[in-house]
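Single-structure report; data block below.
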Amino acid sequence: MSASYLEAITVRRSNYALTNKSSVSDEKLQDIIKHAVKHCPSPFNSQASRVVLVTGATHIKLWETVTATLLPMMPEGEIKTRYAGLLDLHKGGYGSVMFFEDQAILDEIIQQRPFVATQFPDWNKNAAGILHATIWTAFSLEGLAATLQHPPLTAEMIAGLNLGFDVPSTWKSTAILPFGDPAAPPKDKTFLPVEDRFKVVKS
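Quick note: the sequence shown, position 170, residue 170 per UniProt numbering, numbers continuous.
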């Protein structure tokens with residue numbers, strides 16, 4: 001029963017080679033996202049995750065906003081040139097999934113349960129990551145290429161992502177998933193020995 005799920009995890013790969021087309025309809029994309037948002041778990045069932053799907057000119061505007069904010073922060077050189085190229089690849093996709101967590105809900109839970117105030121932010125990051133991976137994997141199964149991006153959340157970046165896209169100020173960005181039909185297969189991936197990363201402790 002788990003084989004198909006594990007195969008789906010294997011299919012999900014970072015692929016920067018995006019086209020500005022999608023063989024998956026906008027309606028299907030929305031259905032995938034809404035299903036994931038509804039069913040992915042969250043600590044204390046907070047359901048604080050928020051998602052915005054952008055396509056077309058709005059998708060381009062998103063990556064122009066990220067580029068205009070990120071590149072001036074970087075010193076001139078090879079790394080900046082490389083990032084500029086990657087940002088162009090993201091902008092060249094069909095669309096992006098913007099992930100947020102509603103900080104107002106998270107703050108309320110901490111107020112109600114101050115005894116978990118230290119641990120709760122980490123627990124919620126786990127929930128956010130589950131949602132990211134679920135949507136990314138589902139898109140991969142539909143044949144789409146995608147990568148998960150984490151722009152630095154400076155004040156300028158937060159303003160650009162929230163004000164620029166009519167997102168409430170309490171929504172805090174956690175990631176962006178640019179996607180599109182693949183222009184090429186993903187690059188080969190190397191793996192460390194699993195034996196060094198997993199062990200069994202028997203009684």
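The C-beta atom is built at its ideal place from N, Cα and C for all residues, glycine as well.
Given the structure is predicted, the values throughout are model-derived calculations rather than measurements.
Cutoff 8 Å; reference VAL11; Cβ partners in own chain excluding five residues on either side: Here the set comprises THR137, SER140 and LEU141.
Cβ-based neighbour list, PRO152, same chain, cut-off 8 Å, excluding 5 preceding and 5 following: In its chain, beyond the 5 residues on either side, LEU70 and MET73 have a beta carbon closer than 8 Å to the beta carbon of PRO152.
Span separating the alpha-carbon of LEU144 from that of LYS61: 21 Å
Reduced DSSP category for LYS172 - H, G, I as helix; E, B as strand; rest coil: strand
Residue(s) in a DSSP beta bridge with ALA145: GLY180
Nearest to THR91 (by Cα), restricted to the options LEU163, PHE44 and THR147: Looking at the sequence provided, one finds Lys at residue 91 rather than Thr. The shortest Cα separation from LYS91 among LEU163, PHE44 and THR147 belongs to THR147.
N- and C-terminal bounds of the beta strand (DSSP E) containing VAL66: Taken as a continuous stretch (DSSP letters only), VAL66 belongs to no beta strand (DSSP E), being part of the alpha helix (DSSP H) at 56–70.
Cβ separation of ILE176 and SER96, assumed to be a contact under 8 Å, to the nearest whole Å: For ILE176 against SER96, the beta-carbon gap comes to about 5 Å, under 8 Å, which counts as contact.
Inter-residue Cα distance where the pair is ASP88 and LYS21: 15 Å
The segment 37–49 touching the segment 96–114, judged by at least three CB pairs closer than 8 Å: yes
Selected residue, minimal CA-CA separation from LEU86, among ALA104, ALA57, LEU192 and GLU64: GLU64
Three-state secondary structure assigned by DSSP to GLU101: DSSP, read as helix, strand or coil, puts GLU101 in strand.
Burial state of GLY77, where buried means 16 or more other Cβ atoms lie within 10 Å: exposed
Reduced DSSP secondary structure (H/G/I, E/B, other) of SER25: coil
Exposure label - GLU27; buried when at least 16 CB within 10 Å: exposed
Among THR67, TYR94 and GLY93, nearest to THR81 - alpha-carbon criterion: THR67
Straight-line Cα distance separating VAL51 from CYS40: For CYS40 and VAL51, the distance between alpha carbons rounds to 13 Å.
VAL24, buried or exposed, once every other Cβ within 10 Å from all chains shown has been counted against 16: buried
For GLU101, the nearest candidate out of PRO75, PHE115, ALA117 and HIS132 (CA to CA): HIS132
Counted within 10 angstroms of its Cβ, other Cβ atoms place MET98 as buried (16 or more) or exposed: buried
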